[in-house]
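In what follows, a single structure is set out as structure tokens and then discussed.
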Amino acid sequence: MKQTIFIAIIAVAAFTLAACNILPTADKRQTADNKNNDAPKTAVELLTDGLYTVDQASSQIVWQATKISAKHTGLISLKSGELKVESGKISSASFIVDMTTISSNENLSGLVQHLKGPDFFDVTVYPEAKLIIKSTRVGTRAGEYFMDGELTIKDVSAPIELTAEIKTAGINLEAQSTISLDRTKWNIKYLSGNIFKDLGDKAIDDTINFTVSI
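Start counting at 1 in the sequence shown, then tack on 163, and there's your number in this note's numbering.
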């Protein structure tokens with residue numbers, strides 16, 4: 164069965180997923196089964212099994228990049244995505260980002276064109292980026308997931324680790340994640356202070372932050 168992902172927008176640089184009936188949380192089942200004892204409760208919430216698909220129109224990624232003299236933010240759109248839940252937990256996921264949709268919150272057209280060009284993401288040649296989640300681990304806080312995956316940008320693939328918060332919202336799921344990337348791992352080295360010396364205030368931070376709601 165396929166359902167739709169509805170993705171909530173958040174303030175800075177990641178998802179809402181539609182589901183069938185949500186199973187009761189482990190906490191609620193434990194309370195019902197152990198009314199007369201003080202056994203500790205778990206933060207794990209079982210999700211409804213199924214294959215979830217991204218609602219692209221409601222999805223958003225916010226990026227943030229800095230250099231010594233300035234900080235910039237903007238948006239990128241998700242093109243598509245799927246997330247699979249088995250035995251009440253996330254088993255796999257994959258997402259495609261439309262790199263041609265890079266925009267600037269400051270309406271800096273020159274910056275946008277530079278980001279889309281060969282110095283950075285070269286979107287004419289590489290219009291898409293892809294994230295594949297290969298494994299997940301449940302965290303200690305309610306709705307917390309640790310994820311290991313692979314991110315492909317400009318045909319360069321590198322491992323990535325991220326933390327996501329996933330919670331039930333009615334018949335839907337909401338997930339949020341903030342991701343920090345070292346752009347040089349994907350061969351984006353333009354004005355990197357760690358690679359090119361004596362750049363002064365022209366150096367651009369290697370770290371790009373993305374806040375995602377899906």
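The beta-carbon is built from N, C-alpha and C at its ideal position, and this holds for glycine as well.
Residue i to residue j, Cα distance in whole Å?
| i | j | result |
| --- | --- | --- |
| residue 286 | residue 317 | 8 Å |
| residue 269 | residue 231 | 18 Å |
| residue 245 | residue 217 | 6 Å |
| residue 274 | residue 211 | 43 Å |
| residue 253 | residue 365 | 42 Å |
| residue 239 | residue 223 | 7 Å |
| residue 256 | residue 377 | 12 Å |
| residue 314 | residue 332 | 28 Å |
| residue 371 | residue 342 | 8 Å |
| residue 327 | residue 375 | 9 Å |
| residue 379 | residue 340 | The structure shown does not extend to residue 379, since the chain is modelled only from 164 to 377, so the question has no answer here. |
| residue 353 | residue 229 | 13 Å |
| residue 373 | residue 325 | 11 Å |
| residue 279 | residue 293 | 16 Å |
So is residue i buried or exposed if we call it buried at 16+ other beta carbons inside 10 Å?
| i | result |
| --- | --- |
| residue 272 | exposed |
| residue 214 | exposed |
| residue 350 | exposed |
| residue 309 | exposed |
| residue 334 | exposed |
| residue 234 | exposed |
| residue 319 | exposed |
| residue 288 | exposed |
| residue 312 | buried |
| residue 321 | exposed |
Can you find the residues in the same chain that come closer than 8 Å, C-beta to C-beta, to residue i, ignoring five residues on each side of it along the sequence?
| i | result |
| --- | --- |
| residue 380 | Here the chain has residues from 164 to 377 only, and residue 380 is not among them. |
Give me, in chain order, the residues of the same chain whose beta-carbon lies closer than 7 Å to that of residue i; leave out the 5 immediate sequence neighbours on both sides.
| i | result |
| --- | --- |
| residue 237 | 226, 265, 266, 267 and 268 |
| residue 277 | 283 |
| residue 242 | 219, 259, 260, 261 and 291 |
| residue 249 | 212 |
| residue 281 | none |
With a threshold of 6 Å on Cβ separation, who are the neighbours of residue i within its own chain once the five nearest residues in sequence on each side are excluded?
| i | result |
| --- | --- |
| residue 330 | 306 and 337 |
| residue 247 | 214, 254 and 255 |
| residue 323 | 312 and 314 |
| residue 367 | 230 and 354 |
| residue 200 | Annotation note: pLDDT 46 at residue 200 (below 50); position unreliable, coordinate value reported separately. The answer is none, since no qualifying residue turns up. |
7 Å is my cut-off, CB to CB: does residue i come that close to chain D?
| i | result |
| --- | --- |
| residue 251 | Looking at the structure shown, chain D is missing, and only one protein chain is on hand. |
Decide yes or no for the touch test of the stretch 299 to 306 against the stretch 262 to 281: beta carbon pairs closer than 8 Å, at least 3 of them. Judged by Cβ distances under 8 Å, the stretch 299 to 306 makes no contact with the stretch 262 to 281, as fewer than three pairs qualify.
Uninterrupted alpha helix (DSSP H) stretches inside the stretch 260 to 298 (no shorter than 4 residues): 272 to 279
Mind listing, in chain order, the continuous beta strand (DSSP E) runs of no fewer than 3 residues lying wholly within the stretch 214 to 252? Listed in chain order, the complete beta strand (DSSP E) runs (minimum 3 residues) inside the stretch 214 to 252 are 223 to 230 and 233 to 249.
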